[in-house]
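Novice:
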Amino acid sequence: MRLQPWTTRLRRKNTVAAERATGLLPAEVQSQLYSSLASLYLPLDESKQEFRIVTIAAGRFEDAIACELEVVSPVDSKPFEALSYAWGDSQPSWKVYINGTRHEISRNLDSALRHLRHRNRSRVLWVDALCINQTDLEERNSQVKHMGTIYKMSSQVLTWLGPEYNNSDMAFDFFETMPRDPDVHWDPANIPELEEVYTLRHTIAGNDLFDRAWWHRIWTVQESGLCPKLHFVCGARQLPAEEAFKLGVCYFKHLYTCCQDIWYARFKSTAGQPGLGDVCTALGKLEEMRATNHRYTFGQILSKFMSRHCSDPHDKVYGLLGFADKEEASLVVPDYAKPVAELYEEVALGLIQLTEDLEILSMRLPDSYKPERLPEGFAIENLPTWVPNWSLDWDSPLLHDLDDRLSCLSYYNASKGSRYSSNSVACGLLPVRAQFIDQVAILSKDEDHMDAPNLAEFFQDWRNMLRITENPGQLYAKCSSITVDDAFWQTLCCDDSPHRRWFRAWWEWCEQHGCDPHQLMSIQSEYSRAEINVMGGLISTSIKMRRLFISKDTGWIGLAPVDTLVGDKVALLEGGRTPYILRPTNERGVKETIQKYRLVGAAYVHGVMDGSEWQDDALEYIVLA
Ligand SMILES: [Zn+2]
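Following UniProt numbering, the numbering of the sequence shown begins with 1 at its first residue and continues without gaps.
#1: Going along the chain, which residues put their C-beta within less than 6 Å of some heavy atom in ligand 1?
#2: Report yes if the C-beta distance between residue 364 and residue 624 is below 8 Å; otherwise report no.
#3: Taking one C-beta from the segment 203-222 and one from the segment 60-67 each time, how about it: are there three or more such pairs within less than 8 Å?
#4: Quick check: the Cα distance between residue 142 and residue 544, rounded to an integer number of angstroms?
#5: Going by CA-CA distance only, name the one from 321, 267, 246 and 318 that's closest to residue 285.
#6: Taking residue 176 as the reference, give the member of 193, 523, 165 and 166 with the closest Cα.
#7: Rounded to whole angstroms, what's the CA-CA distance from residue 130 to residue 214? Just pull it up for me.
#8: What do you get for residue 368, buried or exposed, if any count of 16 or more other CB atoms within 10 angstroms of its CB means buried?
#9: Can you find a C-beta in chain D that's less than 8 Å from the C-beta of residue 452?
#10: If residue 227 sits next to residue 161, beta carbons under 8 Å apart, how far is it from one beta carbon to the other, in whole angstroms?
#11: Over the uninterrupted alpha helix (DSSP H) stretch that includes residue 564, give me the two end residues.
#12: My understanding is that residue 577 touches residue 560, with C-beta atoms under 8 Å, so please give their C-beta distance in whole angstroms.
#13: CB-CB under 7 Å to residue 394, same chain, minus the five flanking residues each way: which ones, in chain order?
#14: Looking at C-beta atoms only, is the number of pairs between the segment 551-569 and the segment 434-443 that lie closer than 8 Å three or more?
#15: Would you kindly work out how many angstroms separate the C-alpha atoms of residue 464 and residue 502, rounded to a whole number?
#16: In angstroms, rounded to a whole number, what distance separates the CA positions of residue 217 and residue 379?
#17: In this structure, what does DSSP give as the bridge partners for residue 431?
#18: Here's the rule I'm using: 16 or more other beta-carbon atoms within 10 Å means buried, otherwise exposed. How should residue 402 be labelled?
#19: In whole angstroms, give me the CA-to-CA distance for residue 24 and residue 320.
#20: Given residue 347, which residues of its chain have a CB within under 7 Å of its CB, disregarding the five upstream and five downstream residues?
#21: Going by DSSP in three states, residue 529 sits in which element: helix, strand or coil?
#22: Is it a yes or a no for the segment 382-391 touching the segment 445-459, going by three-plus beta-carbon pairs under 8 Å?
#23: Taking buried to mean at least 16 other C-beta atoms within 10 Å of its own C-beta, is residue 359 buried or exposed?
#24: Rounded to whole angstroms, what's the CA-CA distance from residue 593 to residue 434? Just pull it up for me.
#25: Is there contact here, the segment 117-134 with the segment 165-179, by at least three beta-carbon pairs under 8 Å?
#26: Pull up the DSSP beta-bridge partners for residue 475, would you.
#27: If we ignore side chains and look at the alpha-carbon of each, how far apart do residue 428 and residue 605 end up?
#28: Taking only the alpha-carbon atoms, compute the straight-line gap between residue 21 and residue 519 and give it to the nearest angstrom.
#29: Does the segment 80-97 come close enough to the segment 138-155 to have 3 or more Cβ pairs within less than 8 Å?
#30: Suppose the cutoff is 7 Å on Cβ atoms and the five residues either side in sequence are ignored; what does the same chain contact list for residue 443 look like?
#31: Give the DSSP-derived three-state secondary structure of residue 441 in the structure shown.
#32: Helix, strand or coil, according to DSSP, for residue 391 in the structure here?
#33: For residue 229, collect the residues of the same chain with a Cβ closer than 6 Å to its Cβ; drop the 5 residues on either side in sequence, then sort them by chain order.
#34: Buried or exposed for residue 26, please, with buried defined as at least 16 other CB atoms from any protein chain shown within 10 angstroms of its CB.
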């Protein structure tokens, strides 16, 4: 699990939904814009993986933009830089001359090209809006497959964040001045030049810069994740991504340990004060993708970036295809004409069969957390419960928690290493062998801990549900060695054993001060503030979007999706790593004897995560619908 402090999580709650960026323009605008370009876009040879690059002629900022298109292939291409930018919502109405003919481009692209154009020499770029014939669906389908290769081939990617506005130059001043050496403290008393930039206005400018459309668009993930070198560009300012990454590392190192007091003293309060937590988390995520772009399964990548926007829900899959390995990529043949639900189901099923693992099922988020804002064309009817709805722009802090939880799946082995092996029987159905171990009898209130007015009372309610105070020594479920109290707090952090020892200190912080970050300093503990804070982060991740439950027969304690109801079944599934909460539907499956279930979601059940309850001979066939 990535160690994220509690205080960062509290702040993320206030993140404002970002400006929506579009990947592709509405059809009618596209056709107006590009019909005149048809003569420029001679067909590309798919067998040679041909693509186009564009040479921007030298010019002053105010000069008209002139460029030449050229067809190349991976074996004969000259060096080029690739542009990564958000298309923006504006109608294309800015002039550009391609091979001598006048055409129109979006304002954001016009601005990017003017800022990036050299005065005295030409510049060779790959720019999606210019290099792909956007009116040719067949060409788009085939170029989408090569996008990853094109970005990998580029000498560097220029990340255009937009022109200078909202004090973005101040953000660059901050990023350039703050120490990027982990051993140098963020203390203006020792480094006088920090005095100028270590201010609230600079951190607000930093947050604004990192909330621009580029950070919220799906295509920019692989554009910036796969290339050898990356540069952030905003107006006339530039910063190599490597330098920004170093700053992110230093921020988390100093702010949660040695330099925390200086930071709090400078900015007085953390509540509502924009620290750079979100900025550095975004940077960390990008750096991680660049360093380990094949460490994640394609399913994990799809889930990690579900919050990114696009104007066509197919792109939630196609836009990330560059990260898929060869086998994963073979499951997806880009086709913008295919119904989205069909695409998602095909991908989910393909990944389950390829990996023989039910990881995909852990990506189901509770319906009650569905984003309210649904762009047109993004509502998908009748998606099976076992297929993640990637089309929704889920809130990104929720996805951080989901992501952390997915990264813990490998610690669990509830189904004792069994592999998924069934073949699909019919559209929408996932046949699977299941072992039912109990059902949900008692549930905590449907209240998110982030919304609780008093965290100490919130957790005390949970303890009361388990009768811990009145019966402190009672033993847990089938165990003769641990008490319900122990099982309770190990459940709170999903039994993250390396960090268990920090729990008592965290509980003291919670009970006495309701986890107020300003009171962290007053806790007397052998553990550091950072450790106690991290324990809070683990608990927050474990219980987010979940409720505490007790099972009917055995008295298992667990965490189940917030949508769980009393009477829902707790099941182990072949190929799964955790238990799942299932709800029978009224209909029967394909054969009359097979029961159909809806997947409510993955669960944590203390005492069964290691496979000790798994019994091969207790399995029965069911179908998930
Ligand atoms: Zn420090």
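The beta carbon of each residue, even a glycine, is placed where N, CA and C say it ideally should be.
Specialist: Answer, in terms of the structure:
#1: 185, 186, 254, 258 and 259
#2: One-based indexing of the sequence shown puts residue 364 at position 364. One-based indexing of the sequence shown puts residue 624 at position 624. Against a cut-off of 8 Å, the Cβ pair of residue 624 and residue 364 comes out as no contact.
#3: no
#4: Against the sequence shown, residue 142 aligns to sequence position 142. Against the sequence shown, residue 544 aligns to sequence position 544. The straight-line gap from Cα to Cα measures roughly 40 Å.
#5: Taking the sequence shown and counting its residues from 1, one reaches residue 285 at position 285. Answer by Cα proximity: 246.
#6: The residue labelled residue 176 in the question sits at position 176 within the sequence shown. For residue 176, the nearest C-alpha among the options comes from 193.
#7: One-based indexing of the sequence shown puts residue 130 at position 130. One-based indexing of the sequence shown puts residue 214 at position 214. Whole-angstrom Cα-Cα distance: 18 Å.
#8: Walking along the sequence shown from the start, residue 368 turns up at place 368. Residue 368 comes out exposed.
#9: Going by chain labels, chain D is absent from the structure shown, which holds only one protein chain.
#10: Here residue 227 refers to the residue found at position 227 when the sequence shown is read from its first residue. Here residue 161 refers to the residue found at position 161 when the sequence shown is read from its first residue. Residue 227 to residue 161, Cβ: 16 Å. No contact.
#11: Stepping through the sequence shown from its first residue, residue 564 is reached at position 564. Here residue 564 belongs to no alpha helix (DSSP H), and DSSP marks it neither H nor E.
#12: Along the sequence shown, read from residue 1 onward, the residue named residue 577 stands at position 577. Along the sequence shown, read from residue 1 onward, the residue named residue 560 stands at position 560. That pair is no contact at about 16 Å.
#13: Taking the first residue of the sequence shown as position 1, residue 394 is located at position 394. Same-chain partners within the cutoff: 306, 307, 365 and 371.
#14: yes
#15: As a working note, residue 464 is residue 464 in the sequence shown. As a working note, residue 502 is residue 502 in the sequence shown. Each residue's alpha carbon lies about 23 Å from the other.
#16: In the sequence shown, counting from the first residue as 1, residue 217 sits at position 217. In the sequence shown, counting from the first residue as 1, residue 379 sits at position 379. Rounded to whole angstroms, residue 217 to residue 379 spans 19 Å at the Cα level.
#17: By 1-based counting over the sequence shown, the position of residue 431 is 431. In the DSSP output, where bridge partners are listed per residue, residue 431 has 623.
#18: Indexing the sequence shown from 1 puts residue 402 at position 402. Counting Cβ neighbours within 10 Å, residue 402 comes out buried, since at least 16 surround it.
#19: Taking the first residue of the sequence shown as 1, we reach residue 24 at position 24. Taking the first residue of the sequence shown as 1, we reach residue 320 at position 320. A caution first: residue 24 carries a pLDDT of 43, below 50, which makes its placement in the model unreliable, though a value can still be read off. Residue 24 and residue 320: Cα-Cα distance of roughly 15 Å.
#20: Indexing the sequence shown from 1 puts residue 347 at position 347. For residue 347, where only same-chain residues beyond five positions count, the Cβ hits under 7 Å are 317, 331 and 332.
#21: Position 529 of the sequence shown, counted from the first residue, corresponds to residue 529. Reduced to three states, the DSSP call for residue 529 is helix.
#22: no
#23: Residue mapping note: residue 359 aligns to position 359 of the sequence shown, counting from 1. Result: buried.
#24: Looking up residue 593 in the sequence shown gives position 593. Looking up residue 434 in the sequence shown gives position 434. Taking the straight line from one Cα to the other gives about 14 Å.
#25: no
#26: As a position in the sequence shown, residue 475 is number 475, starting the count at 1. In DSSP, residue 475 forms a bridge with 483.
#27: The sequence position of residue 428 within the sequence shown is 428, counting from 1. The sequence position of residue 605 within the sequence shown is 605, counting from 1. Whole-angstrom Cα-Cα distance: 28 Å.
#28: The sequence position of residue 21 within the sequence shown is 21, counting from 1. The sequence position of residue 519 within the sequence shown is 519, counting from 1. Model confidence at residue 21 stands at a pLDDT of 31, short of 50, so the residue's coordinates are unreliable; what they give is reported in the following sentence. So the two alpha carbons sit approximately 40 Å from each other.
#29: yes
#30: What you label residue 443 is simply residue 443 of the sequence shown in a count that begins at 1. 547, 549, 564 and 566, listed in sequence order.
#31: By one-based count along the sequence shown, residue 441 stands at place 441. Strand, per DSSP.
#32: Your numbering for residue 391 matches position 391 in the sequence shown. Residue 391 falls in the coil class under three-state DSSP.
#33: Within the sequence shown, numbered from 1, the residue matching residue 229 stands at position 229. Cβ neighbours of residue 229 beyond the five flanking positions: 156.
#34: Walking along the sequence shown from the start, residue 26 turns up at place 26. Because the pLDDT at residue 26 is just 46, under 50, the model does not fix this residue reliably, and the point stays unresolved.
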